[in-house]
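Encoded as structure tokens, the structure appears first; notes follow it.
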Amino acid sequence: MPSRCVAAGCSNTSSESVSVYKFPKQETLLKQWTKQVQRTRANWVPTASSTLCSEHFEADCFEETPQLMKDMGMHVRYKKVLKPNAIPTIFKRSLVGTSETETPSTSTGVVEIIIRLYLSVN
1 MPSRCVAAGC SNTSSESVSV YKFPKQETLL KQWTKQVQRT RANWVPTASS TLCSEHFEAD
61 CFEETPQLMK DMGMHVRYKK VLKPNAIPTI FKRSLVGTSE TETPSTSTGV VEIIIRLYLS
121 VN
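Numbering follows UniProt numbering, in which position 74 of the sequence shown is assigned residue number 74; successive positions increment by one, without gaps.
Shown next as structure tokens:
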């Protein structure tokens, strides 16, 4: 059975255009990935089989070599390679504790959402 993305509202599996990634084993990075998912799935805890798909990472989170080949018009079948410290930041989400739905396209968008959520709680 293929691994499905655990992000709220996403059930992508690996395909020619989408790659899936297991959660990192390195503790600091694992916590960061988990917190990102928990922003839309309160109290969610990763398992050994939890994965996120490439749709939740900014373009600069991936190694560039396959993209250069694709940009030159070459057909490339590959798994996108995440950089070692990549953090997922793109989620179509209903923020936990709010009725807002946002799709941040940059890390700045994520920070703005966190600030608004913080201000609405306090």
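Just so you know, even glycine gets a beta-carbon here, dropped at the ideal spot from N, CA and C.
Residue i: first and last residue of the uninterrupted beta strand (DSSP E) it sits in
i: VAL20; result: 20 to 22
Proximal residues to residue i (C-beta, below 6 Å), its chain only, five neighbours per side dropped
i: PRO24; result: LEU30
i: ILE90; result: HIS56
Same chain, Cβ closer than 7 Å to residue i, five either side skipped, listed in chain order
i: VAL37; result: VAL6, ALA7 and TRP44
i: VAL81; result: PHE62 and GLU63
Per-residue DSSP class, three states only, for residue i
i: ARG4; result: coil
i: SER107; result: Confidence in SER107 is poor, its pLDDT being 48 and thus under 50, which makes the residue's placement unreliable; the coordinate value appears in the next sentence. Looking at SER107 - three-state DSSP - the assignment turns out to be helix.
Cβ neighbours of residue i in the same chain (closer than 8 Å, five flanking residues each side left out)
i: residue 128; result: Past the edges of the chain, shown from 1 to 122, lies residue 128, and the structure says nothing about it.
i: TRP33; result: PHE23, PRO24, PRO46, LEU52, ILE87 and PRO88
i: ASP71; result: none
At 3 residues or longer, what runs of the beta strand (DSSP E) sit wholly inside the segment 18 to 63? 20 to 22 and 51 to 53
Looking at C-beta atoms only, is the number of pairs between the segment 44 to 59 and the segment 4 to 13 that lie closer than 8 Å three or more? yes
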